[in-house]
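Worksheet: one structure, shown below.
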């Protein structure tokens with residue numbers, strides 16, 4: 081299978097490296113940043129650079145681009161994709177991308193499958209890409225009624241070969257709702273956390289919990305602004321929900337209500353334990 | 081030096097193990113839970129069990145108890161402590177404990193130093209104690225005008241010998257204000273995070289950020305209820321602050337205001353980077 085990774089950033093670069101390391105597939109690359117292409121060639125993350133017109137010989141195109149760039153790339157290059165070929169994206173939101181990708185590719189005999197590799201780092205760009213980024217991570221696919229079963233088989237098989245721990249499927253809408261909670265809300269909360277005037281007094285007065293809560297505040301604001309605004313309703317629901325939950329704790333503490341506070345904390349512990357058990361069961 | 085650890089839970093047990101592993105000091109133990117004492121003896125975390133009346137021969141008493149139990153133990157046993165001896169506690173709040181401890185011990189020739197070892201686990205009890213819990217952790221001391229310099233020297237020297245990366249000092253009030261942000265708020269936010277109805281859909285749809293944000297939701301609700309209510313004002317300030325910050329993000333997303341949202345995220349990234357630089361500089 082001939083593969084081309086378009087966008088050799090953290091995710092695209094890491095996918096290229098993981099495919100090269102774990103399989104015998106041929107991997108090409110395309111990036112407007114020529115330094116990334118040169119680095120990818122030098123590190124043998126790709127076998128060669130392609131021009132978009134050469135995509136006609138590619139079986140699987142992997143788009144490692146931001147949401148708008150993903151949509152634009154499909155719109156602008158639909159005449160170049162191989163008949164019977166496959167395209168996957170790697171965006172953190174799915175409905176906004178999948179709807180447009182499918183409508184643009186309708187009638188072209190090119191299959192699109194929305195994908196979301198559940199891994200990341202608080203760094204970005206090809207320089208931070210690694211061949212083991214996806215080890216033990218989950219690979220989410222959001223097929224629709226238009227997605228041929230063999231495309232799902234081919235892509236999920238590749239994901240497992242390059243180190244993902246497992247593949248899950250969901251509708252694009254379901255994906256976006258859950259991701260608003262598991263990933264987007266985490267970035268909002270972490271970013272809000274560091275806004276306290278107490279922040280710069282923390283050195284020497286913090287341990288694992290502070291580090292954990294604030295790690296992803298170091299985020300790429302361009303990418304996350306786009307992801308958040310493409311998933312407004314589910315994310316607004318989650319932000320409002322945590323504001324409501326925090327207000328419950330705030331009121332219990334303000335009222336010096338030990339029984340209520342203990343109950344809120346106990347509920348939280350039990351939910352976390354249930355969530356851990358649920359995750360283990362799903363594996 | 082003869083040391084006695086009172087309360088052989090996660091922190092007390094780990095301190096006993098770390099002292100035994102790294103020094104030649106003699107370590108005794110006291111706990112109302114006889115299983116913990118038997119385990120500590122079997123694992124050689126302590127050299128022997130003491131009764132409270134035998135505290136008269138002990139140079140350094142380490143209280144590994146909850147805040148109220150710490151206060152109660154000092155009140156009930158002040159006639160037993162060695163003249164010229166030292167007592168330290170390990171509570172996560174300091175002003176409420178230090179004020180009472182000092183007033184109870186006034187005129188007894190027993191020195192008290194409030195301490196807070198900045199380490200923990202999402203498990204508790206002697207069974208989870210380990211001899212390396214404090215490796216690379218910070219050891220906070222909250223001396224007052226009543227604390228003899230040699231007590232600070234003895235305790236900080238012991239902390240460094242048993243694996244702490246460094247010691248910092250603060251007034252009890254300063255400690256409580258910063259800890260409300262670095263530790264207490266982290267536990268409140270993590271506990272509030274898991275209250276979303278989306279929680280049980282997360283298996284397969286989450287990565288590091290969800291895990292980090294929710295790790296400490298698995299907390300000991302009895303201990304944290306007490307810690308929160310003994311530090312109400314600083315904690316209420318921090319909870320109100322993060323609710324305000326979250327509301328800013330919520331409004332920007334609701335208003336589809338990309339420039340404002342990007343600015344909020346950029347500020348958060350820059351503050352996190354500043355905080356990392358500040359921590360590195362302080363080391």
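Residue numbers (my numbering), protein chains in the order written: chain A, 81 to 363; chain B, 81 to 363.
Backbone N, C-alpha and C define an ideal beta-carbon position, used for all residues, glycine too.
- Counted as a single uninterrupted DSSP element, the alpha helix (DSSP H) harbouring residue 305 of chain B occupies residues 301-309.
- Residue pairing by DSSP places residue 252 of chain A in no beta bridge whatsoever.
- Interface flag for residue 155 of chain A against chain B is unset, since no Cβ pair is found closer than 8 Å.
- The DSSP-derived three-state label of residue 192 of chain B is strand.
- Residue 213 of chain B and residue 99 of chain B have their C-alpha atoms some 12 Å from each other.
- Ranked by how close their Cα comes to the Cα of residue 269 of chain B, the residues A/164, A/293, A/144 have A/293 in first place.
- Nearest CB-CB separation between residue 242 of chain A and chain B: not below the 8 Å threshold.
- Around the Cβ of residue 237 of chain A, a 10 Å sphere holds fewer than 16 other Cβ atoms; the residue is exposed.
- Around the beta carbon of residue 257 of chain B, 16 or more other beta carbons lie within 10 angstroms, which makes this residue buried.
- Residue burial is scored here from C-beta neighbours: residue 360 of chain A has fewer than 16 other C-beta atoms within 10 angstroms and is therefore classed as exposed.
- Taking a 10 Å sphere around the C-beta of residue 330 of chain A, we find 16 or more other C-beta atoms and assign the residue as buried.
- DSSP places residue 108 of chain B in the uninterrupted beta strand (DSSP E) bounded by 106-110.
- In the DSSP assignment, residue 224 of chain B falls outside any alpha helix (DSSP H) and carries neither an H nor an E.
- Judged by DSSP in its simplified three-state form, residue 318 of chain A adopts helix.
- In terms of CA proximity to residue 252 of chain B, A/285 leads the group A/221, A/263, A/285.
- Beta-carbon to beta-carbon, residue 194 of chain A and residue 234 of chain A are separated by about 15 Å, too far to satisfy the 8 Å threshold.
- Judged by DSSP in its simplified three-state form, residue 337 of chain A adopts coil rather than helix or strand.
- In this structure, residue 333 of chain B lies near residue 308 of chain A, with their beta-carbon atoms less than 8 Å apart.
- Here residue 120 of chain A really is in contact with residue 206 of chain A; their C-beta atoms are around 6 Å apart, less than 8 Å.
- Here residue 349 of chain B is buried: its Cβ has 16 or more other Cβ atoms, across all protein chains shown, within 10 Å.
- Of all residues in the region 142-170 of chain B, none is placed with a Cβ closer than 7 Å to any Cβ belonging to chain A.
- When only Cα atoms are considered, residue 346 of chain A and residue 149 of chain B end up about 21 Å apart.
- Identification of chain B residues near residue 320 of chain A by a Cβ-Cβ cut-off of 8 Å yields 330, ordered along the chain.
- Under DSSP, residue 82 of chain A shares a beta bridge with A/106.
- DSSP places residue 246 of chain B within a strand segment (E or B) once states are collapsed to three.
- A residue is called buried once 16 or more other Cβ atoms fall within 10 Å of its Cβ, and residue 97 of chain A is buried on that count.
- Residue 116 of chain A carries a helical assignment under DSSP once its states are collapsed to helix, strand and coil.
- What residue 302 of chain B touches in chain A, judged by beta-carbon distance under 8 Å, is 342, going in chain order.
- Of all alpha-carbon atoms in B/147, B/138, B/94, the one lying nearest the alpha-carbon of residue 123 of chain B is that of B/94.
- Assigned with DSSP and collapsed to three states, residue 89 of chain A falls in coil, not helix or strand.
- The region 163-177 of chain A and the region 185-192 of chain A touch, with no fewer than 3 CB-CB distances between them shorter than 8 Å.
- Taking 8 Å as the CB threshold, residue 193 of chain B stays off the interface with chain A.
- Assignment of residue 129 of chain B by DSSP, reduced to helix, strand and coil, places it in the strand class.
- Within chain A, no C-beta atom comes nearer than 8 Å to that of residue 253 of chain B; the closest sits roughly 12 Å away.
- For residue 143 of chain B, there is no enclosing alpha helix (DSSP H); the residue is found in the beta strand (DSSP E) stretching over 140-143.
- Assignment of residue 215 of chain B by DSSP, reduced to helix, strand and coil, places it in the coil class.
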